[in-house]
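Asks: Residue numbers (the working numbering): 9 to 121.
Using N, Cα and C, we set each Cβ at its ideal position, and we do this for glycine too.
On a predicted model such as this, the values are computed, not experimentally measured, just so you know.
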Ligand code: 5GP
Ligand code: ZN
């Protein structure tokens, strides 16, 4: 998908701070971080959202989740992280190439403790 921002990051056409790259997934820092650690993990293959990915490519879904855990570990989050898949514009999805937000390094409990 040549008009997809994240396909262009995968292709190296748009620069990104890549923290993990395999044959199947790429992880890079979010340009507008919402936490001290905020990394996006995406499949190389284009799928619009997590529902489509899990229906169409379960093996890639598993690799995506494994990569998210590996990123959390390499970022020093010690099994304390939040994974978010915004699905649909009404809940804030703005890039329609599935991505896991790996967030950590601050208190996410509510009310904050
Ligand atoms: P969404 O709102 O779709 O769940 O998440 C999209 C995320 O992509 C946002 O957190 C936004 O900051 C991030 N983002 C948008 N454009 C770029 C970009 O060009 N580079 C990087 N690294 N992140 C981006
Ligand atoms: Zn794409």
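Counting along the chain, where does the beta strand (DSSP E) carrying residue 50 start and finish?
Replies: Taking the chain shown and counting its residues from 1, one reaches residue 50 at position 42. 45-51 is the extent of the beta strand (DSSP E) around residue 50.
Asks: Going by C-alpha distance, which of 39, 27, 16 is nearest residue 78?
Replies: As a working note, residue 78 is residue 70 in the chain shown. When only C-alpha atoms are compared, the closest one is 27.
Asks: Does residue 41 pass the burial test, meaning 16 or more other C-beta atoms within 10 Å, or should it be called exposed?
Replies: What you label residue 41 is simply residue 33 of the chain shown in a count that begins at 1. A residue is called buried once 16 or more other Cβ atoms fall within 10 Å of its Cβ, and residue 41, having fewer, is exposed.
Asks: Give the single residue among 64, 80, 117, 116 whose Cα lies nearest to the Cα of residue 47.
Replies: Counting from one through the chain shown, the residue named residue 47 turns up at place 39. Of the candidates 64, 80, 117, 116, the one whose C-alpha sits nearest the C-alpha of residue 47 is 80.
Asks: Between the Cα of residue 43 and the Cα atoms of 99, 95, 90, which residue gives the shortest distance?
Replies: Within the chain shown, residue 43 is the residue found at index 35, counting from 1. Checked all of 99, 95, 90; the closest Cα to residue 43 is 90.
Asks: Which parts of the segment 86-121 are runs of the beta strand (DSSP E), unbroken and 3 residues or longer, counting only runs that do not cross its ends?
Replies: Secondary structure within the segment 86-121: the beta strand (DSSP E) runs of 3 or more consecutive residues, fully enclosed, are 90-92, 108-112 (chain order).
Asks: Do residue 103 and residue 36 have their C-beta atoms closer together than 7 Å?
Replies: The count along the chain shown starts at 1 and reaches residue 103 at position 95. The count along the chain shown starts at 1 and reaches residue 36 at position 28. Not in contact: residue 103 and residue 36 (Cβ atoms no closer than 7 Å).
Asks: Just the C-alpha distance for residue 19 and residue 31, rounded to the nearest angstrom, thanks.
Replies: Numbered from 1 along the chain shown, position 11 holds the residue referred to as residue 19. Numbered from 1 along the chain shown, position 23 holds the residue referred to as residue 31. Each residue's Cα considered, the two are about 12 Å apart.
Asks: May I ask which residues mark the beginning and end of the beta strand (DSSP E) holding residue 27?
Replies: Position 19 of the chain shown holds residue 27. Element bounds for residue 27: 26-29.
Asks: Roughly how far, in whole angstroms, is the beta-carbon of residue 105 from the beta-carbon of residue 92, given that I think they are within contact range, below 8 Å?
Replies: As a position in the chain shown, residue 105 is number 97, starting the count at 1. As a position in the chain shown, residue 92 is number 84, starting the count at 1. About 15 Å separates the two Cβ atoms, so there is no contact after all.
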